[in-house]
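Enquirer: 3 is the number of the first residue of the sequence shown in the numbering used here; add one for each residue after it.
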Amino acid sequence: MACLQKAGPTQWRTVSLRPTATGLTARERFDRFKVEAVTEMSLRAAGVLMVAAAILLWFLVPAHESAGTLVSHGALGSIMAAGGLAVFAYGTRGFRRQMSLDLQEGTLSLTKININDQARVARQINLGEIESVFLNRPAMPGGLATLLVRVTGSSSPAIALTGITDEIETVHQQLCAVMKTAQRDAAPKPSLRLRDRPPPKRKLFSA
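1. So within the stretch 110-159, which uninterrupted beta strand (DSSP E) runs reach at least 3 residues, ignoring any that extend past its ends?
2. Tell me which residues share the same chain as Arg15 and place their Cβ nearer than 6 Å to its Cβ, disregarding the 5 neighbours each side in the sequence.
3. Just the Cα atoms here: how many angstroms apart are Val50 and Glu42?
4. Ordered along the chain, which non-local residues of its own chain (more than five positions away) have a Cβ less than 7 Å from that of Glu171?
5. Compare the Cα-Cα distances from Val153 to each of Met82, Ser111 and Gly96 and report the closest residue.
6. With a threshold of 16 other CB atoms inside 10 Å of the CB of Val144, please say whether the residue is buried or exposed.
7. Following the continuous beta strand (DSSP E) through Glu30, name the residue where it begins and the one where it ends.
8. Run through the DSSP bridge pairs and tell me what Arg15 is partnered with.
9. What number of angstroms, rounded off, separates the C-alpha of Ser18 from the C-alpha of Met82?
10. Taking Cβ to Cβ, would you say Gln100 is nearer than 9 Å to Thr27?
11. Give the secondary structure of Leu72 by DSSP, where H, G and I count as helix, E and B as strand, and everything else as coil.
12. Suppose contacts are defined by Cβ-Cβ distances below 9 Å. Is Ile127 in contact with Ala160 by that definition?
13. Distance check for Asp168 and Gln13, CA to CA, integer angstroms please.
14. So what does Ile57 bridge to, in DSSP terms?
15. So what does Asp33 bridge to, in DSSP terms?
16. Please report the distance separating the alpha-carbon of Arg31 from that of Val180.
17. Should Arg98 be labelled buried (16 or more other beta-carbon atoms within 10 Å of its own) or exposed?
18. Exposed or buried, which one is Val40 when buried takes at least 16 other CB atoms within 10 Å?
In structure tokens form, the structure reads like this:
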């Protein structure tokens, strides 16, 4: 289990941070996403209604006998079903961000979580591919800071978390401290090497 330092905000308002058996996990707090939660539920309901309307078109609404009308009737139902599934899937992906460090696997996971705390969109980054983890401070007073992860070969950094500056600073410090501690513990220790000494010369004459 990672040993997190005690320094940081006494009461977290925008993010939460906790140690795990293999690293740490930080996520944006649910209180900040009440509007997004309503949007998420609305998208889910709209997706279900679109799929239900497609089923009605396929099985309950009679189609005309002409071939052209029959094709357009089935195509309209298929389009509505596909659109409903896409809207429902987007509604279940979530808007909150979560960052998980797994030292055992050597990965940093950037995840979107929904109102049920379920992960739908995740990105696994190998620790060896991380060039830097840095803080982007808000341009305006009272704005939100952003924790960014720059990956080798990527033109733009990935967003890990957003929150008020002092909390994101603490998450950044804790993340770097845990990773540095793991690297220090994993570094091979120099082995004790005994220098080969030549055997003492045998004296031909001794007193």
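Using N, Cα and C, we set each Cβ at its ideal position, and we do this for glycine too.
Expert: Concretely, from the data shown:
1. Listed in chain order, they are 121-128, 132-138 and 147-153.
2. Closer than 6 Å at the Cβ level, and outside the excluded window around Arg15, lies no residue.
3. The straight-line gap from Cα to Cα measures roughly 13 Å.
4. Residues of the same chain with a CB within less than 7 Å of the CB of Glu171, apart from the 5 flanking positions on each side, are Leu137 in chain order.
5. For the residues Met82, Ser111 and Gly96, the minimum Cα distance to Val153 belongs to Ser111.
6. A quick correction: the sequence has Gly, not Val, at residue 144. Exposed, since its Cβ has fewer than 16 Cβ neighbours within 10 Å.
7. Segment Gly25 to Glu30, the beta strand (DSSP E) holding Glu30.
8. As computed with DSSP, Arg15 is found in no beta bridge at all.
9. Distance from the CA atom of Ser18 to the CA atom of Met82, rounded to whole angstroms, is 40 Å.
10. With respect to Thr27, Gln100 sits close: the two C-beta atoms are nearer than 9 Å.
11. Here the model assigns Leu72 a pLDDT of 48, short of 50, so the residue's position is not dependable and the matter cannot be decided.
12. For the 9 Å CB-CB criterion, Ile127 and Ala160 form a contact.
13. Computed Cα separation, rounded: 11 Å.
14. None, per the DSSP bridge assignment.
15. DSSP lists no partner for Asp33.
16. The straight-line gap from Cα to Cα measures roughly 22 Å.
17. Around the beta carbon of Arg98, 16 or more other beta carbons sit within 10 angstroms, so the residue counts as buried.
18. Counting the other CB atoms within 10 Å of its CB gives Val40 a total below 16, which places it among the exposed residues.
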